[in-house]
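Worksheet for the structure shown next.
Number of protein chains: 2
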Amino acid sequence: MSKDKVRIAMVGISGRGSGLLGLLLEMEDVEVLGVCDRYPDRLEKAAKQVQDASGVVPLAVSDYRRLLEDKNLDALITPSSWTSHAQICLDGMEAGKYVATEVGGATSIEQCWSLVRTSERTGKPCMLLENCCYGQEEMTVLNMVKKGLFGELIHAEGGYRHDLREEVCQGRENRHYRLENYMHRNGDVYPTHDLGPIAKYLNVNRGNRMLSLTSTASKSRGLNVWAKTNKGADHDLADYPFALGDVVTTVIKCAHGETITLFHDTSLPRPYSRGNLLQGTKGIWMEDKHGIYLEGLSEKAHTWEDISKYYEQYEHPLWKRFHQEGVKGGHGGMDWLVLRAFVESVQKNQQTPVDVYDTAAWMAITCLSEDSVSMGSMPVAIPDFTEGRWIAREPVVKGTYCLEEVCEEYF
Amino acid sequence: MSKDKVRIAMVGISGRGSGLLGLLLEMEDVEVLGVCDRYPDRLEKAAKQVQDASGVVPLAVSDYRRLLEDKNLDALITPSSWTSHAQICLDGMEAGKYVATEVGGATSIEQCWSLVRTSERTGKPCMLLENCCYGQEEMTVLNMVKKGLFGELIHAEGGYRHDLREEVCQGRENRHYRLENYMHRNGDVYPTHDLGPIAKYLNVNRGNRMLSLTSTASKSRGLNVWAKTNKGADHDLADYPFALGDVVTTVIKCAHGETITLFHDTSLPRPYSRGNLLQGTKGIWMEDKHGIYLEGLSEKAHTWEDISKYYEQYEHPLWKRFHQEGVKGGHGGMDWLVLRAFVESVQKNQQTPVDVYDTAAWMAITCLSEDSVSMGSMPVAIPDFTEGRWIAREPVVKGTYCLEEVCEEYF
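Residue numbers (my numbering), protein chains in the order written: chain A, 1 to 411; chain B, 412 to 822.
Right under this line is the structure:
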């Protein structure tokens with residue numbers, strides 16, 4: 001039974017949180033009942049943001065557990081830090097709320113199992129808000145994959161390739177957790193922008209699964225160089241021995257023999273890219289070429305075509321509708337779509353299109369990558385959080401936001 | 412003391428051998444004294460090719476050891492198969508000849524050590540003819556690396572990404588050894604087009620070395636699909652269980668903390684690419700973008716520039732001279748240059764710019780990759796064929812063809 005209004009609270013209102021909050025406040029079927037942050041200035045600003053937009057004074061607290069006492073609350077969204085979001089999700093599910101977390105990896109496998117067990121026991125979904133799953137190009141490729149245009153999928157690549165030197169080195173000033181993570185951890189700390197869409201192409205957790213990985217980290221130099229140049233040779237970050245290698249390469253093997261190569265690459269000067277590449281027996285897509293080659297369809301053998309050529313015919317129905325209704329929201333629209341996917345799941349009281357098994361498996365890559373790096377790139381096993389059910393699991397959410405099947409209902 | 416004419420014999424005259432032979436026959440300072448092939452038709456054709464071009468009737472034999480009896484012979488070049496070229500090189504050096512081999516990996520580490528020990532004992536160089544080291548774009552980047560434009564190097568990628576399905580599946584008709592290798596081996600069987608230039612950027616064997624690697628192979632599907640489509644479902648290759656995974660990802664760690672990611676990707680439909688990418692603390696080059704970004708030099712932050720922009724100022728001096736004299740030879744000119752590098756080394760009786768330590772280290776990646784794949788991507792150690800001398804080794808060949816330093820003598 002669907003409900004009209006979805007009542008949401010948000011925990012952690014940094015820049016990202018504030019952006020997401022703004023999107024929620026634009027949605028007519030959402031009420032923001034509460035906000036939480038450990039910093040009073042952020043909390044005050046968030047409460048004002050809600051009041052200005054909706055006229056409602058939200059509960060504003062520094063301890064998120066107080067939000068959970070509200071019986072009217074349906075769901076909790078947390079763009080909190082990589083080392084706190086899992087516990088917030090656990091407490092949210094225990095309190096009977098749908099939970100969604102911004103992206104970021106896990107710090108232990110036990111943490112991932114806790115998310116899975118708690119979701120199973122409480123019946124409450126836990127969704128990683130992987131916006132890139134709803135990216136325009138990613139969804140078009142998803143549509144083409146599900147229509148068989150790539151043939152049998154063989155290999156995928158992706159990366160978070162984004163010059164974040166300033167953001168990281170300004171971590172104290174901006175109270176951003178990236179700095180501390182980079183100081184102390186070495187592995188792919190942020191794998192899901194690339195892995196999420198790939199996992200959906202490959203039917204991970206639904207007929208396929210990730211078996212094992214290796215991770216190899218380069219030396220760490222980029223942040224020191226940036227700090228020295230921009231903050232001076234005497235600044236402590238100019239020679240701080242950052243744990244995180246500048247480029248971390250992770251290679252994943254899947255149950256059906258597919259390989260996935262991921263790059264975490266955020267400490268060197270470079271243009272932004274998610275480095276997507278997908279290869280099947282019939283064709284290839286490469287984001288950095290904005291290119292595609294499909295045997296038999298592409299005009300000239302061995303030659304890239306602009307993927308734009310295929311948008312008219314193959315753009316994902318959800319995106320076609322989005323264009324008609326007017327694209328809105330951050331990061332080119334995908335932030336809006338991933339939030340709608342969550343909100344409408346709460347509204348319909350159904351499973352989320354990224355479910356707790358996806359959330360756990362994707363987040364697990366981070367701590368497993370750290371394990372492999374620490375052991376000289378030893379292969380490590382990736383747990384099967386579905387405990388064998390991946391073999392026969394069906395797409396969990398049929399319909400608009402499904403990432404396993406393509407819903408044509410709007411056309 | 413330099414000599415006027417260099418007397419060369421060639422072993423293995425397939426399509427590639429015939430092409431190289433044609434280039435040698437264009438060189439005024441080269442005499443081709445002998446040719447060898449196990450197939451009479453190829454041998455006859457090669458002998459005629461030499462006679463037509465030079466007027467000299469070469470010794471044409473089916474057993475290459477007969478060529479080595481010629482005291483006038485200076486050097487042996489072999490574009491023979493991946494499983495025979497090492498022994499031919501060993502016998503060549505034992506007979507006191509310079510040897511050069513076409514690219515291709517090793518089948519054992521012991522084979523690599525044999526090449527090293529034999530070269531050391533006989534004093535005869537053994538050069539892998541890695542033409543891509545002399546590619547126009549690779550050499551321009553080499554020049555920029557040595558001038559410090561990329562800052563400290565951190566990470567490199569490359570690949571042999573070339574749709575060879577037809578060549579492989581026509582292996583019997585064309586008597587090409589790739590087919591048998593793909594049927595029986597699983598690993599990066601052809602790593603040096605990508606690795607060779609990267610090793611030179613990173614000073615491998617001269618102040619740096621490769622420490623260890625992991626390799627992960629995808630399933631094998633592409634060749635079956637191609638054979639089924641093009642030769643029919645009843646053809647034996649349509650369901651032959653090829654050992655070689657369609658995409659093999661190899662990650663190498665170096666002594667100074669750099670990482671190298673290599674892809675062997677020749678069994679799926681795709682445009683050609685060597686997939687080069689190079690990242691340092693000051694910038695990035697990406698072949699597939701034909702793009703470069705150099706902090707402080709590039710006009711717009713976080714934005715690719717066409718690398719062509721930098722050619723006027725930074726194209727390698729050897730290539731600038733090559734343009735002036737007229738580019739010739741296969742694969743855009745690099746085949747000519749790599750052969751000249753070898754021929755002029757013989758002529759000057761000096762070490763080759765790719766020496767036996769480079770040859771052994773680069774070829775070793777193949778059998779080590781097979782080892783890692785066979786053990787579920789376990790990391791394997793890469794031998795130090797210099798036995799510690801890499802720490803202090805200087806560039807072996809100063810001058811025109813040097814790949815460690817940039818010779819400006821022509822300008």
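Cβ coordinates follow ideal geometry from the N, Cα and C atoms, glycine included.
Distance between residue j and residue i (C-alpha atoms, nearest Å)
{"i": "B:P451", "j": "B:L470", "result": "13 Å"}
{"i": "B:M786", "j": "B:C537", "result": "31 Å"}
{"i": "A:Q87", "j": "A:G15", "result": "21 Å"}
{"i": "B:R855", "j": "B:K639", "result": "Only positions 412 to 822 of chain B appear in the structure, and residue 855 of chain B is not among them; the question remains open."}
{"i": "A:G12", "j": "A:Q170", "result": "19 Å"}
{"i": "A:G187", "j": "A:A243", "result": "9 Å"}
{"i": "A:A361", "j": "A:E387", "result": "12 Å"}
{"i": "A:M27", "j": "A:D335", "result": "13 Å"}
{"i": "B:D645", "j": "B:L540", "result": "40 Å"}
{"i": "B:S492", "j": "B:T512", "result": "10 Å"}
{"i": "A:L237", "j": "A:K219", "result": "16 Å"}
{"i": "A:F411", "j": "A:P317", "result": "Low confidence applies here, because A:F411 scores a pLDDT of 46, under 50, leaving its location unreliable; read the following figure in that light. The alpha-carbon atoms of A:F411 and A:P317 are separated by roughly 8 Å."}
{"i": "B:I776", "j": "B:P602", "result": "7 Å"}
{"i": "A:Y201", "j": "B:D440", "result": "57 Å"}
{"i": "B:V767", "j": "A:S84", "result": "54 Å"}
{"i": "B:E816", "j": "A:Y177", "result": "43 Å"}
{"i": "B:G744", "j": "A:E370", "result": "44 Å"}
{"i": "A:G329", "j": "A:L23", "result": "6 Å"}
{"i": "A:T291", "j": "A:E408", "result": "For the sequence presented, residue 291 of chain A should be read as Gly rather than Thr. Those two C-alpha atoms are separated by around 25 Å."}
Local conformation of residue i per DSSP, three classes
{"i": "B:K558", "result": "coil"}
{"i": "B:L779", "result": "helix"}
{"i": "A:S374", "result": "helix"}
{"i": "B:S525", "result": "helix"}
{"i": "B:D415", "result": "coil"}
{"i": "B:L679", "result": "coil"}
{"i": "B:D814", "result": "In the sequence under discussion, the amino acid at residue 814 of chain B is Leu, which differs from the Asp named in the question. Correct three-state label for B:L814: coil."}
{"i": "B:Y704", "result": "strand"}
{"i": "B:L432", "result": "helix"}
{"i": "B:F822", "result": "Any reading at B:F822 needs caution, since the residue's pLDDT is 46, under 50, leaving its predicted position unreliable; the model's value is listed next. In this structure, B:F822 counts as coil in the three-state DSSP scheme."}
{"i": "A:E130", "result": "coil"}
{"i": "A:S273", "result": "strand"}
{"i": "A:L262", "result": "strand"}
{"i": "B:K664", "result": "strand"}
{"i": "A:T303", "result": "coil"}
{"i": "A:A199", "result": "helix"}
{"i": "B:I488", "result": "strand"}
{"i": "A:G15", "result": "helix"}
{"i": "B:V600", "result": "coil"}
For residue j and residue i, believed in contact at Cβ under 8 Å, the rounded distance
{"i": "B:S783", "j": "B:T625", "result": "5 Å"}
{"i": "B:C543", "j": "B:H604", "result": "5 Å"}
{"i": "B:L634", "j": "B:Y593", "result": "7 Å"}
{"i": "A:G257", "j": "A:F150", "result": "About 15 Å separates the two Cβ atoms, so there is no contact after all."}
{"i": "A:L337", "j": "A:Y134", "result": "4 Å"}
Nearest candidate by alpha-carbon position, reference residue i, set the options
{"i": "A:L20", "options": "A:K3, A:Q49, A:C402", "result": "A:Q49"}
{"i": "A:E299", "options": "A:S54, A:G275, A:A341, A:G283", "result": "A:G283"}
{"i": "A:G275", "options": "A:G332, A:E138, A:K3, A:V35", "result": "A:E138"}
{"i": "A:V397", "options": "A:T83, A:P353, A:D246, A:R65", "result": "A:P353"}
{"i": "A:G166", "options": "A:G158, A:G159, A:R175", "result": "In the sequence as displayed, the identity of residue 166 of chain A is Glu instead of Gly. Looking at the Cα atoms, A:R175 is the closest of the given residues."}
{"i": "A:V56", "options": "A:A75, A:A9, A:G123, A:Q347", "result": "A:A9"}
{"i": "A:L153", "options": "A:Y160, A:A199, A:Q51, A:S114", "result": "A:A199"}
{"i": "A:L297", "options": "A:I307, A:D288, A:H290", "result": "A:I307"}
{"i": "A:Y401", "options": "A:L43, A:N143, A:P79, A:G158", "result": "A:N143"}
{"i": "B:G810", "options": "B:R589, B:A752, B:V659", "result": "B:A752"}
{"i": "A:M168", "options": "A:V103, A:H155, A:Y240", "result": "In the sequence as presented, Met is not what sits at residue 168 of chain A; that position holds Val. Among A:V103, A:H155, A:Y240, the Cα nearest to that of A:V168 belongs to A:Y240."}
{"i": "A:V204", "options": "A:W390, A:C367, A:K5, A:V380", "result": "A:W390"}
{"i": "A:E69", "options": "A:Q51, A:V327, A:G92", "result": "A:G92"}
{"i": "A:S114", "options": "A:G104, A:V103, A:E94, A:Y98", "result": "A:E94"}
{"i": "B:V472", "options": "B:G445, B:P682, B:K482, B:D485", "result": "B:G445"}
{"i": "B:K416", "options": "B:L436, B:S678, B:S429", "result": "B:L436"}
In the stretch 622-661 of chain B, which residue ranges form an unbroken alpha helix (DSSP H) of at least 4 residues, counting only runs that do not cross its ends? As far as the stretch 622-661 of chain B is concerned, its whole alpha helix (DSSP H) runs of at least 4 residues are 633-642.
Complete runs of the alpha helix (DSSP H) confined to the stretch 328-357 of chain A [at least 4 residues]: The qualifying runs are 334-347.
Pick out the complete beta strand (DSSP E) segments inside the stretch 151-181 of chain A, 3 residues or longer, and give them in chain order. If we require 3 residues or more, the beta strand (DSSP E) runs fully inside the stretch 151-181 of chain A come out as 153-161.
Which parts of the stretch 439-465 of chain B are runs of the beta strand (DSSP E), unbroken and 3 residues or longer, counting only runs that do not cross its ends? Fully enclosed beta strand (DSSP E) runs of 3 or longer: 441-447.
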